[in-house]
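A short worksheet on the structure shown next.
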Amino acid sequence: LLAAFFYFRIDLTEEKRFSIKEPTKQLLQNLDDKVYIEVFLEGELNASFRRLQKSIRETLEEFRIYSDDKIQFVFTDPNSAMSQKARNEFMQELAQKGITPTNVVDPKGGQVTEKIIFPGVLISYGGFEIGVTLLKGNKALTAEEKINQSIEGIEYALANAINNLVNTDRKRIGFV
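Just so we're aligned: the sequence shown equals residues 4 to 179 in this note's numbering.
Okay, structure coming up:
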């Protein structure tokens with residue numbers, strides 16, 4: 004009966020990996036306006052990128068809950084444009100906004116398929132927008148290690164981008 008009236012979440016993992024950090028919670032609770040997030044990780048993905056997509060979705064759901072529904076997000080497939088020309092223009096626009104593409108080589112049934120994906124988000128707030136690439140990691144790492152590092156850094160990357168958009172009172176430093 005009490006659980007019906009009170010909302011709470013419990014993270015039972017030892018390293019608290021499913022918990023949002025306190026500064027991020029404060030940032031989300033202090034939002035004045037809605038934040039729109041478009042995630043460009045949809046469509047036919049291999050298992051590693053589906054895992055990254057699931058982690059992004061879970062993090063955004065947590066953000067939405069802590070922000071009192073001020074975070075709105077949608078997943079989009081950049082390869083779903085009608086024509087090849089429109090698709091290329093859209094992909095160039097994403098690259099200009101800071102979302103770098105990744106070429107994924109996936110061996111399936113004896114055939115090797117290549118696909119360009121954009122593992123990133125476009126965050127809009129108060130008339131401004133910023134692109135964030137969520138696939139992080141050193142070039143020397145394996146693809147699986149890059150995905151793992153990216154999953155670990157999702158909360159920071161998203162919260163940092165939201166903070167940059169929300170915080171319009173920039174500090175200035177001058178050297179004499």
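For glycine and all other residues, C-beta sits at the position ideal for the given N, C-alpha and C.
### Query
According to DSSP, is E45 helix, strand or coil?
On the sequence shown, position 42 is the one that residue 45 refers to. In the structure shown, E45 sits in coil (DSSP, three-state: anything other than H, G, I, E or B).
### Query
By the 10 Å Cβ neighbour count, where 16 or more other Cβ atoms means buried, how is L144 classified, buried or exposed?
Within the sequence shown, the letter at position 141 stands for residue 144. Label assigned to L144: exposed.
### Task
Output the distance between the C-alpha atoms of L55 and A146, rounded to the nearest integer angstrom.
As a first step, residue 55 is located in the sequence shown; it is residue number 52 there, counting from the start. As a first step, residue 146 is located in the sequence shown; it is residue number 143 there, counting from the start. Going by the C-alpha atoms only, they are around 12 Å apart.
### Task
Run the CB neighbour count on G134, radius 10 Å, all protein chains shown included, and call it buried at 16 or more, exposed below.
Taking the first residue of the sequence shown as 1, we reach residue 134 at position 131. Its Cβ being crowded by 16 or more others within 10 Å, G134 is buried.
### Task
Go to F52, then tell me how far its alpha helix (DSSP H) extends in each direction, as first and last residue.
In the sequence shown, counting from the first residue as 1, residue 52 sits at position 49. From DSSP, the alpha helix (DSSP H) with F52 extends over A50 to Y69.
### Message
Just to confirm my understanding: we take K149, look at its own chain, exclude 5 residues before and 5 after, and list those with CB closer than 6 Å. What are they?
### Response
Position 146 of the sequence shown, counted from the first residue, corresponds to residue 149. Cβ within range, chain order: G140.
### Query
Distance, Cα to Cα, V179 vs N163?
Reading the sequence shown from its first residue, position 176 is the one you call residue 179. Reading the sequence shown from its first residue, position 160 is the one you call residue 163. About 30 Å.
### Task
Could you tell me whether any Cβ in chain B is nearer than 9 Å to the Cβ of F66?
Among the chains in the structure shown there is no chain B, since it carries only a single protein chain.
### Query
What do you get for T27, buried or exposed, if any count of 16 or more other CB atoms within 10 angstroms of its CB means buried?
As a first step, residue 27 must be located in the sequence shown, where it is residue number 24. T27 is buried by the Cβ-count criterion.
### Message
By alpha-carbon positions, which one of L30, E45 and V115 ends up nearest to V38?
### Response
The sequence position of residue 38 within the sequence shown is 35, counting from 1. Nearest C-alpha to V38: L30.
### Message
Can you tell me whether N151 is helix, strand or coil according to DSSP?
### Response
The residue given as residue 151 occupies position 148 in the sequence shown. Looking at N151 - three-state DSSP - the assignment turns out to be helix.
### Query
Taking the alpha carbon of D109 as the point to measure from, which residue in I120, T103 and Q99 has its own alpha carbon closest?
Working through the sequence shown from its first residue, we reach residue 109 at position 106. Closest by alpha carbon: I120.
### Query
Straight-line CA distance for F250 to G177?
Outside the modelled stretch of the chain, which goes from 4 to 179, sits residue 250, for which no answer is possible.
### Query
Are the Cβ atoms of S153 and I40 separated by less than 9 Å?
Translated into positions along the sequence shown, residue 153 becomes position 150. Translated into positions along the sequence shown, residue 40 becomes position 37. No, these two residues do not count as a Cβ contact at 9 Å.
### Task
Determine the direct distance from the alpha carbon of K88 to that of Y69, and round the result to whole angstroms.
As a position in the sequence shown, residue 69 is number 66, starting the count at 1. As a position in the sequence shown, residue 88 is number 85, starting the count at 1. So the alpha carbons of these two residues sit roughly 40 Å apart.
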